[in-house]
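For reference, the structure is listed below as structure tokens.
2 protein chains.
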Amino acid sequence: MTNSHPLTPCLLLDTARMTRNIERMRIRLQSLGVALRPHVKTCKNIDIARQMIAGQPGGITVSTLAEADHFFEHGMTDILYAVGIAPGKLAAVAERMARGMALRIILDHPQTARAVASAAGQLDTRFRVLIEIDADGERAGLRADAPELTEIAATLEQAGCHVDGVMVHAGGSYHCNDADGMRRMAETERSSAVEAAGRLRRAGHEAAVVSVGSTPTATFASDLSGTTEVRAGVHVFQDLVQAGLGVCRIDDIAISVLTEVIGHRPADGTLLVDAGWMALSRDRGTADQTVDQGYGLVCNEAGRIIEDVIVTATNQEHGIVGRRDGTSLDLDEFPVGTRLRILPNHACATAAQHDGYWIIDSPDQARRWLPRCRGW
Amino acid sequence: MTNSHPLTPCLLLDTARMTRNIERMRIRLQSLGVALRPHVKTCKNIDIARQMIAGQPGGITVSTLAEADHFFEHGMTDILYAVGIAPGKLAAVAERMARGMALRIILDHPQTARAVASAAGQLDTRFRVLIEIDADGERAGLRADAPELTEIAATLEQAGCHVDGVMVHAGGSYHCNDADGMRRMAETERSSAVEAAGRLRRAGHEAAVVSVGSTPTATFASDLSGTTEVRAGVHVFQDLVQAGLGVCRIDDIAISVLTEVIGHRPADGTLLVDAGWMALSRDRGTADQTVDQGYGLVCNEAGRIIEDVIVTATNQEHGIVGRRDGTSLDLDEFPVGTRLRILPNHACATAAQHDGYWIIDSPDQARRWLPRCRGW
């Protein structure tokens, strides 16, 4: 591998693991009878997204309009922009819809609904909207029984917009301690969405879409009846946070950062490597989990985990690698020039620090690179 | 401003503040009689780097070979690559030197010196090296009195490489609590470098370069005699970490992230904005300072600070904005669609999340965008 990759640090992708992760989610949702609308904010690459939607209806979820543009240019038209719409972006949304993008937006506030209604008139655009529902108080959304739900729907429909349904994201699943907690969170997510959609239908709206999901709730849900689609994205790569939650095993993690030892710190028995927070991200998502993985778990160049060795600290382009318990490494085992691979806390954050992926298991062992889209 | 910028979130640059910051550092180092070799890992833009080196000898400091390439393509040739060299990059360094880049590398380990010596022969390249010296035990470098110092120099010179001198970075300055501590750290940085250079010279090496610096030590040093250049970079933009250290005032901070309110959270009196960690970075550099600024300090669209209002939490594309003490905001003051600006904890980290800067004070108020280089 040493000579088939560019300079360190760089992002490696194990496509065999990725394919297994995609397949596992496909089988799981098939058994629950619900379609996947993959969230492509994790991969931000068209080839990977195509693999994720194989056998699915074809819609995707994005977190930015830049992602929407990227995937639309590559032929994907059914796109849910799953961040509460900023009124300042409505002209950009309308312009994309006029070009044929079947773009849905989400919102949860009567002020936003009025802004959308107003823009619908000014821009002569029938926006397609999902109303965001809250299941856990974590981030955004209306409670399923909130009076604003039908108020918003009425405002939108009076302006000629489509109230296509509801969406829920139970981010609280990331704070669950066990499978039972995750299962209950998945059920809360499901029931909130179904209840809200029912209220909209009883008020005369079509509300055909009942969209739920996160990788943890998709993995642990025991029943998704009444929902029409599940959004999940990080399952494509998995990461140490997901492993810490019990969503995957560590050896499911499909991306890693290749780095090289550039120095030794004999005073504390640690290594310096050329992957700092610029390559790993500042994400410390495992800090509050049972096992704190620092800035990432260290493997040898072949990908075998070096037990209890983590990136303990980072500067912009430097990482410090040491034992989790603070005891010294045998520095002779890691001469300068040794290559290591770092598994990420959070795949979305680490991958975002890179412009693309180097595939490590392409059949011909040749360099193959998959680019990522960026920006907003 | 609303219509002269692209979609939120985006990175804004106040060039009047930047120019003031650059000028302040220029005057300071002039009074100390030392040249600036600006670190361009913060700005990663050629126009800004040109402004930073105006009136200076012209050399720059980089943290990646991608930066070296970018600035070399724009005519800068004297480049210090100030991260301990990975042996796997020596062929890439030699190739750049052959194309005319006056590229210096750094190292601190006899193993690295042997790798460089070996590559010098194989690649027929006389590498130019600064030996990295440690002043504070924070990251890398040999102690000034370490026996390896002259051993490394001898190894390099026997292979025909140039031992150009020494470099020190006192990252420990970021843990100083007051000006006196910072001044002492600057003096330790200076004296370590001067001592090490003296040892090299007494051993018969030229060691003409004595390179020190960080923005805090450059700002507080009272004497830099014996040094030949100072490296500083974040001073160009400044940030909340620097303000917390007393290096600058908050109103010196030249970059901010423009964002828009996308929702209200009445349960806890907070706002949702469309700048999450993807736009702000995960950097929490003020977490251990006297005033914790969360993920950034909030200003109105005109840049006026909203006292004690910070980004308290982030998801990928969502930020939660609230009061530092947890009391409720008056949400009516921030209707959906309100634009805010977020000052960064760490300019290097936040800027790295963006592909470029939107200038907010160009004379003609037209859109002007400055791109950043990326990668390794």
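So the sequences go chain by chain: A and B. Okay, so the first sequence: first residue is 1 according to this note's numbering, each after it adds one. Okay, so the second sequence: first residue is 1001 according to this note's numbering, each after it adds one. No residue lacks a Cβ here, since even glycine has one placed at the ideal position from N, Cα and C.
- With fewer than 16 other Cβ atoms from the protein chains shown falling within 10 Å of its own Cβ, T290 (chain A) counts as exposed.
- Within chain B, the residues placing a beta-carbon under 9 Å from that of T8 (chain A) are A1086, G1088, K1089, W1376, ordered along the chain.
- An exposed status is given to D1332 (chain B), since fewer than 16 other beta-carbon atoms sit within 10 Å of its beta-carbon.
- For V1210 (chain B), the enclosing beta strand (DSSP E) covers residues 1209-1212.
- Our two residues, R37 (chain A) and S1192 (chain B), have alpha carbons roughly 58 Å apart in a direct line.
- Taking all protein chains shown into account, R304 (chain A) has fewer than 16 neighbouring C-beta atoms within 10 Å of its C-beta and is therefore exposed.
- With the criterion set as a beta carbon lying under 8 Å from some beta carbon of chain A, the members of the stretch 1277-1289 of chain B are W1277, M1278, A1279, S1281, R1282, D1283, R1284, in sequence order.
- Proximity to A186 (chain A) across A:T227, A:H318, A:D69, A:P110 peaks at A:T227, based on C-alpha coordinates.
- If you check each beta-carbon in the stretch 88-112 of chain A against every beta-carbon of chain B, the ones closer than 7 Å belong to G88, K89, A92, D108, H109, Q111, T112.
- G84 (chain A) is a Cβ neighbour of T112 (chain A), given a cutoff of 8 Å.
- A direct Cα-Cα distance of roughly 18 Å separates D1355 (chain B) from E1073 (chain B).
- Taking 8 Å as the upper bound for CB-CB distance, F220 (chain A) and M182 (chain A) are in contact here, some 4 Å apart.
- When 8 Å is used as the limit between beta carbons, G1171 (chain B) is near these residues of chain A: N315, in chain order.
- Between I60 (chain A) and V34 (chain A), the beta carbon gap of about 16 Å keeps them out of contact (Cβ cut-off 8 Å).
- Taking 8 Å as the threshold, the shortest C-beta distance from K1041 (chain B) to chain A falls below it.
- Residue-level contact by beta carbon holds for R1139 (chain B) and chain A, with a gap shorter than 8 Å.
- In this structure S31 (chain A) is exposed. Its beta-carbon is surrounded by fewer than 16 other beta-carbon atoms within 10 angstroms.
- Membership of L200 (chain A) in the alpha helix (DSSP H) is indicated by the continuous run 179-202.
- Taking all protein chains in view, the Cβ of P1009 (chain B) is crowded by 16 or more other Cβ atoms within 10 Å, so the residue is classified as buried.
- Restricting attention to B:Q1293, B:G1137, B:Y1174, B:L1258, the CA atom closest to the CA of T270 (chain A) is found in B:G1137.
- The beta carbon of H1346 (chain B) lies closer than 6 Å to those of D1239, V1241, D1283, G1285 in the same chain, with the five residues before and after it left out.
- Residue environment for T215 (chain A): buried (at least 16 other C-beta atoms within 10 angstroms of its C-beta).
- The C-beta of E260 (chain A) comes closer than 8 Å to at least one C-beta of chain B.
- Per DSSP, the continuous beta strand (DSSP E) segment holding N1300 (chain B) begins and ends at 1297-1300.
- Excluding residues up to 5 positions away in sequence, A113, V116, A117, V129, V163 lie with their Cβ nearer than 7 Å to the Cβ of L156 (chain A) in the same chain.
- In the structure shown, L329 (chain A) adopts coil according to DSSP, grouped into three states.
- Ranking B:R1201, B:E1067, B:A1170, B:A1352 by CA distance to the CA of M278 (chain A) puts B:A1352 first.
- Contacts with chain A (Cβ-Cβ distance below 7 Å) from the stretch 1340-1365 of chain B involve C1348, A1349, A1352, D1355, listed in chain order.
- Considering only beta carbons, the part of the stretch 37-66 of chain A lying closer than 8 Å to chain B consists of K41, S63, T64, L65, in chain order.
- In this structure, A86 (chain A) keeps its C-beta atom at 8 Å or more from the C-beta atom of G375 (chain A).
- Pairing V1247 (chain B) with C1348 (chain B), the inter-Cα distance amounts to about 16 Å.
- The Cβ of D274 (chain A) sits closer than 8 Å to at least one Cβ of chain B.
- Inter-residue distance for R1368 (chain B) and P1006 (chain B) is about 11 Å (C-alpha atoms, whole angstroms).
- Fully contained in the stretch 197-280 of chain A are the following alpha helix (DSSP H) runs of length 4 or more, in chain order: 215-220, 240-245, 277-280.
- The Cβ atoms of G1294 (chain B) and I1310 (chain B) sit closer than 8 Å to each other.
- For E1073 (chain B), the enclosing alpha helix (DSSP H) covers residues 1065-1073.
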